[in-house]
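Q: My structure is below; once you've seen it, I'll send some questions.
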DNA sequence: CTGAAAGCGCTTACAG
DNA sequence: CTGAAAGCGCTTACAG
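Protein chains in written order, with the working numbering: chain A, 203 to 532; chain B, 203 to 532.
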């Protein structure tokens with residue numbers, strides 16, 4: 203039933219070794235036999251068994267993992283908890299396959315540090331720009347975006363469903379009677395930030411409540427924004443923040459400003475980074491499966507390298523609301 | 203570096219055969235040795251090589267492919283071109299792996315025709331309901347939805363990006379000066395229908411145009427709706443239809459009503475089914491990679507069966523606008 | 001340029 | 001209940 207190398211070899215009147223060489227583009231095959239083998243493959247509609255192939259192969263795929271400089275530094279120092287987890291997922295996957303990988307910041311990209319020798323790329327981080335995507339499209343080798351998606355670029359990517367996560371979170375609190383929920387939004391051009399904000403907005407609108415959104419830009423003083431929130435709004439009940447890292451800061455600042463969390467005001471995060479469980483009070487947040495984001499992207503790239511698929515896909519991970527102590531569920 | 207069965211066997215003081223038996227849950231292992239092997243696996247952090255495993259295994263996975271009765275009939279008669287393609291993708295994938303599959307309509311589900319013996323399921327069709335999803339969640343075996351997603355159910359699924367597709371299509375025509383674009387929307391609770399409609403709406407709104415949407419429900423007379431459209435609107439330029447099957451009918455009806463396509467009025471479809479290329483005039487539409495939708499879903503289920511992943515994901519295929527003759531690009 | 005043969009890491013009849 | 005051994009379908013040094 204199943205067509206194997208052996209069958210092709212018989213039809214083409216060569217050894218299985220030669221069939222394998224043709225398939226893998228070895229130069230050491232005469233044009234004549236190459237044609238014969240190609241015809242046999244065609245006529246039998248032969249496709250190599252991917253399991254056997256990967257078991258037998260000795261050559262390792264060379265993977266380049268690129269990321270914005272900020273992410274690169276954050277990984278090196280283990281400070282950027284989110285991406286540290288994502289990288290664990292990537293490394294776990296590649297270490298079990300025949301893959302070598304190396305990480306580089308995008309600023310090193312022009313130093314042609316061996317892009318040529320790579321078989322494919324993983325581009326990690328919300329900071330991936332259109333320029334970066336175009337650059338890798340030009341290179342012409344398979345690549346997968348991790349934690350970023352830019353509308354209009356039909357490119358393989360793995361993301362988390364920020365819209366759905368924030369929507370579920372806010373809805374949960376609206377259901378128990380909360381009304382004055384304020385959102386702090388990061389204006390950085392990151393797909394997930396935008397989606398989270400839209401999720402908040404949708405949840406509010408569905409309850410006929412006017413969304414109240416404060417923009418934050420990298421480098422700005424969060425504490426100042428917080429003061430403004432407290433000035434502008436009388437007795438806000440809940441502050442939802444675009445990301446755990448900053449939600450944890452918000453809790454601290456709120457304390458400094460003399461507000462009790464969660465008694466007077468609740469705080470909501472997003473990501474479920476490790477320290478969100480250990481801060482005081484522990485942060486109510488949305489869990490994002492970070493390791494899986496990494497391993498899924500690694501796997502997708504691996505499939506691409508194996509020519510398993512053709513059409514680009516967007517893979518979106520579902521999130522999970524995590525109730526902890528930074529906001530009281532009435 | 204890499205841990206193999208052999209290493210576990212040595213530590214546990216058994217043969218590799220026994221290690222394999224423990225991993226695969228064979229009953230023919232004494233409790234004592236099972237524990238020893240389990241400990242060895244744990245201590246070495248051993249994970250079987252999936253390629254070797256699948257190459258060596260003799261047992262086939264048993265897959266059940268369920269679908270709404272309408273889809274089932276449409277497949278059998280080869281009339282439902284969209285799903286025929288999806289099934290080709292599924293079959294192509296499974297036929298190359300150690301998988302047996304059988305197709306059943308949901309109406310047969312209660313006849314307990316061997317759900318027990320199945321290892322996993324593919325649920326195919328826009329008509330998959332919450333009830334069906336719940337039923338399969340109760341069964342507790344891996345399953346993946348194909349061409350359907352229901353918000354709130356964090357379940358593995360493979361869909362096409364209807365929003366993005368329709369948005370791109372409409373935008374393309376708006377750009378060249380079209381203004382009076384009318385949309386026929388199918389009210390059936392199908393994720394993609396909704397998304398396509400929203401894509402149309404978004405494109406219109408971005409140009410500050412008021413969306414004009416006519417609802418269609420299965421069983422209704424399309425021709426009547428068309429007459430209403432022609433009566434309500436003076437000189438509509440373009441009619442965008444939720445799906446090729448009906449867009450082709452719309453072309454026919456329009457001709458019957460004395461309208462020239464595309465000279466007087468253009469028609470836009472969605473899906474790129476085979477007959478959309480051969481109808482007169484050939485239909486301008488949005489290509490959905492149907493075979494890949496099937497093979498991607500089959501692959502996802504296979505990965506689930508191999509316990510490769512844990513978190514459920516939504517896999518969304520990008521679409522492509524296809525310019526043909528049923529609408530003039532000015 | 002080509003083929004015979006070993007080997008990749010598992011599973012599973014088979015024999016005991 | 002357990003182990004020795006064959007075999008899954010490829011790739012790739014090795015020898016020619």
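C-beta: ideal position from N, C-alpha, C; glycine also.
Consult DSSP for residue 362(A) and reduce its assignment to one of helix, strand or coil.
A: Of the three classes helix, strand and coil, the one that applies to residue 362(A) here is strand, per DSSP.
Q: Return the residues of the region 298-310 of chain A that lie within a Cβ-Cβ distance of less than 9 Å from chain B, sorted by chain order.
A: 298, 299
Q: Would you mind stating whether residue 270(B) and residue 306(B) have Cβ atoms separated by less than 8 Å?
A: no
Q: Alpha carbon to alpha carbon, how far is residue 486(A) from residue 460(A)?
A: 20 Å
Q: So residue 330(A) packs on residue 292(A), CB below 8 Å; how close in whole Å?
A: Approximately 15 Å separates the beta-carbon atoms of residue 330(A) and residue 292(A); this is outside 8 Å, ruling out the contact.
Q: Kindly indicate if chain A contains any beta-carbon less than 8 Å away from that of residue 516(B).
A: Closer than 8 Å: yes.
Q: Please state whether the Cβ-Cβ distance between residue 273(A) and residue 498(A) is less than 8 Å.
A: no
Q: Answer yes or no: do residue 312(A) and residue 518(A) have a C-beta to C-beta separation smaller than 8 Å?
A: no
Q: Counting Cβ pairs closer than 8 Å, one from the region 280-299 of chain A and one from the region 488-508 of chain A, do we hit at least three?
A: yes
Q: Taking the alpha-carbon of residue 463(A) as reference, which of 261(A), 209(A), 426(A), 440(A) has the nearest alpha-carbon?
A: 440(A)
Q: Kindly list, in the order they appear in chain A, the residues whose Cβ is closer than 8 Å to that of residue 254(B).
A: Contact annotation for residue 254(B) against chain A: 253, 257 [CB-CB distance below 8 Å, chain order].
Q: Is it the case that the Cβ atoms of residue 328(A) and residue 394(A) are separated by a distance below 8 Å?
A: yes
Q: Just list the residues that DSSP pairs residue 518(B) with in beta bridges.
A: DSSP, once it has assigned bridges, lists 516(A), 361(B) as partnering residue 518(B).
Q: For chain B, is any of its Cβ atoms less than 8 Å away from the one on residue 520(A)?
A: yes
Q: Measure from the alpha carbon of residue 454(B) to the alpha carbon of each residue in 258(B), 473(B), 429(B), then state which is nearest.
A: The option with the nearest alpha carbon to residue 454(B) is 429(B).
Q: List the endpoints of the continuous beta strand (DSSP E) containing residue 476(B).
A: From DSSP, residue 476(B) is part of no beta strand (DSSP E); its letter is neither H nor E.
Q: What does the alpha-carbon distance come out to for the pair residue 403(B) and residue 507(A)?
A: 38 Å
Q: When you measure from the CB of residue 290(B) to every non-hydrogen atom of the ligand NAD, does any distance come out below 7 Å?
A: Summarising the ligand content, the structure contains no ligands, and the ligand NAD is consequently not present.
Q: Measuring only the C-alpha atoms, how far is residue 493(A) from residue 295(A)?
A: 10 Å
Q: Using DSSP with H/G/I as helix, E/B as strand and the rest coil, what is residue 494(A)?
A: helix
Q: Taking all protein chains shown into account, do 16 or more other C-beta atoms lie within 10 angstroms of the C-beta of residue 324(B), making it buried, or fewer, making it exposed?
A: buried
Q: What residues match up with residue 417(B) in a beta bridge as DSSP calls it?
A: 387(B)
Q: Looking only at its chain, what residues have a beta carbon closer than 7 Å to the beta carbon of residue 259(B), apart from the 5 residues adjacent to it on each side?
A: 300
Q: Rounded to whole angstroms, how far is the Cβ of residue 532(A) from the Cβ of residue 379(A), which I believe are closer than 8 Å?
A: Taking a contact as a CB-CB distance under 8 Å, the pair residue 532(A) and residue 379(A) counts as one, their CB atoms being some 5 Å apart.
Q: Any chance the region 442-452 of chain A sits against the region 468-477 of chain A, with 3 or more Cβ pairs inside 8 Å?
A: Segments in contact, yes.
Q: Under 7 Å Cβ to Cβ from residue 541(A), same chain only, skipping five residues before and after it: list those, please.
A: In the structure displayed, chain A extends from 203 to 532; residue 541(A) sits before or after that span and is not available.
Q: Since residue 395(B) is in the alpha helix (DSSP H), which residue starts that stretch and which ends it?
A: DSSP places residue 395(B) inside the alpha helix (DSSP H), whose first and last residues are 393-408.
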